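Residue numbers (the numbering used here): 465 to 691.
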Ligand SMILES: *Cc1c(COP(=O)(O)O)cnc(C)c1O
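Okay, structure coming up:
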């Protein structure tokens with residue numbers, strides 16, 4: 465067994481244990497393998513171990529992998545900061561975008577999604593910790609942005625994503641995830657048909673799952689430390 469397939473097995477076991485410990489079904493929780501900075505051979509090793517969904521942060525790096533990967537049936541998620549001049553490449557190549565934080569980007573993605581492709585699946589990135597340095601829409605602006613984004617053609621709004629500030633313990637890790645889940649519930653009460661809470665990374669998937677994550681994004685625990 466390769467290191468990547470052993471790591472994937474260990475991550476899947478963590479997801480299962482975390483789900484069971486809070487009474488959730490592990491099948492409700494998807495795993496996104498974040499392959500940024502890792503070569504195509506690592507993506508292929510993970511795909512050989514049964515991994516289907518991959519996350520990339522850098523447009524050109526992600527597009528190169530999508531074009532060259534010799535595996536079929538993979539699903540590609542763009543999760544990095546997105547400038548509007550790169551929106552076309554992303555709209556043409558990826559299946560999902562998790563990092564939409566303003567209407568202008570959503571509008572570009574919608575306009576530039578090829579008619580022959582399925583609608584692009586979208587999450588709004590929320591700056592839940594309110595850090596100046598982080599991208600993401602402010603929590604108090606999510607509802608109005610979601611209403612506008614949901615009306616655009618060629619994209620489907622699926623849910624919310626966040627990257628919280630690092631926290632020292634489990635209880636503090638849970639807090640921003642709980643806030644994101646509450647926003648998510650609020651949007652659903654507003655009538656938006658959302659099903660995706662993209663939260664939790666290598667160090668905090670247990671806290672995210674305890675607060676309702678439906679998709680965790682894991683890089684380091686699968687591929688190793690990035691340099
Ligand atoms: C890099 C990255 C991840 C993965 O982080 P790890 O700590 O390596 O698991 C998840 N989400 C986003 C948005 C990232 O940029």
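Glycine residues also receive a C-beta, built at the ideal position from the N, C-alpha and C atoms.
As the structure is a computational prediction, the values presented were derived from the model and not from experiment.
{"Asked": "Which one of 653, 537, 528 and 567 has the shortest CA to CA distance from residue 546?", "Found": "567"}
{"Asked": "Hey, is residue 410 close to ligand 1, as in C-beta under 7 Å from one of its heavy atoms?", "Found": "What is shown of the chain runs 465 to 691, which leaves residue 410 out entirely."}
{"Asked": "When DSSP builds the beta bridges, which residues end up paired with residue 517?", "Found": "539"}
{"Asked": "So, for residue 642: in the same chain, excluding its five sequence neighbours on each side, which residues have a beta-carbon less than 8 Å away from its beta-carbon?", "Found": "675"}
{"Asked": "Can you give, in chain order, each stretch of the beta strand (DSSP E) that sits fully within the segment 613-648 and has at least 3 residues?", "Found": "619-625"}
{"Asked": "Using CA coordinates, which residue listed in 680, 508, 687 and 650 is at the minimum distance from residue 491?", "Found": "680"}
{"Asked": "Is the CB-CB distance between residue 563 and residue 544 below 8 Å?", "Found": "yes"}
{"Asked": "Going by C-alpha to C-alpha distance, which of 655, 615, 678 and 497 sits closest to residue 542?", "Found": "497"}
{"Asked": "Please report the straight-line C-alpha distance between residue 602 and residue 484, rounded to a whole angstrom.", "Found": "32 Å"}
{"Asked": "Can you name the residues that DSSP bridges to residue 662?", "Found": "625 and 679"}
{"Asked": "Does the Cβ of residue 681 lie closer than 7 Å to at least one heavy atom of ligand 1?", "Found": "yes"}
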